[in-house]
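Quick note: the sequence shown uses our numbering, first residue 438, plus one each step.
Positions of the beta carbon are idealized from the N, C-alpha and C atoms, including for glycine.
If you're wondering where the values come from, they're calculated on a predicted model, not measured in any experiment.
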Amino acid sequence: MCGFEDAKKAIVQLYHQFSSLHGKIMADDHRDEDGDGVKDVDEISSSENFMRKLDIFVLTVKPEKLMSSLGTIYSAWLAILAVLQIQFAKTVALGTSIGDVIEKTVGRVVIPMAYELLEEKYHDWIPVLSKYISRAVGVSIAWSVQSIISAFHSAIRGGFLAARMWMKYSTEGKFDASESYLDEALGFGLAAVGFMWQFYTGFTILFPFNLLFIPVDILEWTIRMTMADSAVAAS
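Right under this line is the structure:
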């Protein structure tokens with residue numbers, strides 16, 4: 438496993454290598470070695486251009502550094518999954534249990550219909566898909582419940598933090614939380630507003646801020662789906 442600093446160094450190293458590669462590719466796209474006023478890439482076929490870019494990649498990117506960086510990032514990814522699987526094991530277990538209940542209902546109603554509607558060559562897949570889809574839905578429901586719990590917890594923490602920081606700022610550092618209930622009252626008020634706002638927006642980030650957090654959303658859903666698949670596979 439590796440830590441944040443190792444992963445950060447690996448990402449920076451990859452960025453530098455591919456920045457150098459991008460610069461050389463852009464320079465190659467504008468190169469005119471025969472001086473006829475036409476770019477060299479416009480005078481060759483797409484396959485020749487691909488091989489030309491491949492040569493640039495091979496000569497520019499250092500394979501040892503590339504594999505080392507990718508290995509470090511992959512180790513960090515495994516560490517994240519390991520921590521989250523331990524932290525949210527109850528959530529995944531709840532989702533699996535919900536999926537089992539759903540599967541029983543599906544088994545009584547939907548599976549017989551599927552046997553009637555589908556050809557016999559597909560029948561072996563029906564129970565497998567029923568189990569997988571049911572548990573995927575169950576894990577999705579469990580994650581929704583966990584989202585509400587996490588939103589409530591973050592609202593409480595954030596509300597109290599904001600209230601106490603504001604009280605200290607407004608009193609120039611003279612505020613003592615142990616001698617006043619004002620920070621609790623203000624903190625609970627902020628927490629209520631924050632939680633209701635998150636609930637109202639469906640625990641999503643509104644436009645245009647959601648555009649800035651698209652990479653984070655992709656990462657979050659990738660982690661969720663990876664953990665859900667692991668739970669289904671393990672069961």
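At the level of alpha carbons, what is the spacing between tyrosine 552 and methionine 633? Translated into positions along the sequence shown, residue 552 becomes position 115. Translated into positions along the sequence shown, residue 633 becomes position 196. For tyrosine 552 and methionine 633, the distance between alpha carbons rounds to 45 Å.
Completely contained alpha helix (DSSP H) runs for the region 444–498, where each covers 4 or more residues: If we require 4 residues or more, the alpha helix (DSSP H) runs fully inside the region 444–498 come out as 483–497.
How is phenylalanine 441 classed by DSSP in three states: helix, strand or coil? Residue mapping note: residue 441 aligns to position 4 of the sequence shown, counting from 1. Helix at phenylalanine 441.
Nearest candidate by alpha-carbon position, reference serine 577, set Gly532, Asp443 and Lys605: Sequence index remark: in the sequence shown, residue 577 carries index 140 (1-based). Comparing Cα-Cα distances from serine 577 to each of Gly532, Asp443 and Lys605, the minimum goes to Gly532.
Considering only the alpha carbon of each residue, which of Met604, Tyr637, Thr608 and Gln635 lies closest to alanine 622? Residue 622 sits at position 185 when you count from the first residue of the sequence shown. Ranking Met604, Tyr637, Thr608 and Gln635 by Cα distance to alanine 622 puts Met604 first.
Apart from the five residues just before and just after isoleucine 517, which ones in its own chain have a Cβ nearer than 8 Å to its Cβ? Translated into positions along the sequence shown, residue 517 becomes position 80. Ile660, listed in sequence order.
Alpha carbons only, please: which of Lys568, Gln454, Leu649 and Ser482 is nearest the one belonging to lysine 499? As a first step, residue 499 is located in the sequence shown; it is residue number 62 there, counting from the start. Nearest of Lys568, Gln454, Leu649 and Ser482 to lysine 499, Cα basis: Gln454.
CB glutamine 635 to CB alanine 599, shorter than 8 Å? The residue given as residue 635 occupies position 198 in the sequence shown. The residue given as residue 599 occupies position 162 in the sequence shown. Alanine 599 is positioned such that its CB atom lies no closer than 8 Å to that of glutamine 635.
When you compare the region 489–508 with the region 532–548, are there three or more beta-carbon pairs, one atom per stretch, that lie closer than 8 Å? Look at the beta carbons and you see the region 489–508 not touching the region 532–548: under three pairs across the two are nearer than 8 Å.
Anyone know if the C-beta pair for glutamine 583 and phenylalanine 525 falls short of 8 Å? Here the question's residue 583 lines up with position 146 in the sequence shown. Here the question's residue 525 lines up with position 88 in the sequence shown. Annotated as proximal: glutamine 583 and phenylalanine 525, with beta-carbon spacing under 8 Å.
In chain order, what residues of the same chain lie with their CB nearer than 7 Å to the CB of aspartate 477, ignoring the 5 residues before and after it? For the purposes of this step, residue 477 is taken as residue 40 along the sequence shown, with counting starting at 1. Cβ within range, chain order: Arg468, Asp469 and Glu470.
Three-state secondary structure (DSSP) of isoleucine 642: For the purposes of this step, residue 642 is taken as the residue at position 205 of the sequence shown. Isoleucine 642 falls in the coil class under three-state DSSP.
Rounded to a whole number of angstroms, what is the C-alpha to C-alpha distance between lysine 502 and serine 512? To locate residue 502, count along the sequence shown from 1; it is residue 65. To locate residue 512, count along the sequence shown from 1; it is residue 75. A straight-line Cα-Cα distance of about 15 Å links lysine 502 and serine 512.
Hey, quick one: how far does the alpha helix (DSSP H) through tyrosine 606 stretch, first residue to last? Locating residue 606 in the sequence shown gives position 169, counting from the first residue. From DSSP, the alpha helix (DSSP H) with tyrosine 606 extends over 562–607.
Between Ile510, Asn486, Phe487 and Ile462, which lies nearest to leucine 497 when the distance is taken from Cα to Cα? Working through the sequence shown from its first residue, we reach residue 497 at position 60. Residue 497 is actually threonine in this sequence, not leucine. Nearest to threonine 497 by C-alpha distance, out of Ile510, Asn486, Phe487 and Ile462, is Ile462.
Do serine 506 and alanine 579 have their beta-carbon atoms positioned less than 8 Å apart in this structure? Numbered from its first residue, the sequence shown carries residue 579 at position 142. Numbered from its first residue, the sequence shown carries residue 506 at position 69. No, they are not a contact pair.
Buried or exposed: where does valine 565 fall if 16 or more other Cβ atoms within 10 Å of its Cβ makes it buried? Position 128 of the sequence shown, counted from the first residue, corresponds to residue 565. Counting Cβ neighbours within 10 Å, valine 565 comes out exposed, since fewer than 16 surround it.
Under the three-state DSSP convention, the category glycine 379 falls into: Outside the displayed span of the chain (438 to 672) sits residue 379, for which this structure offers no information.
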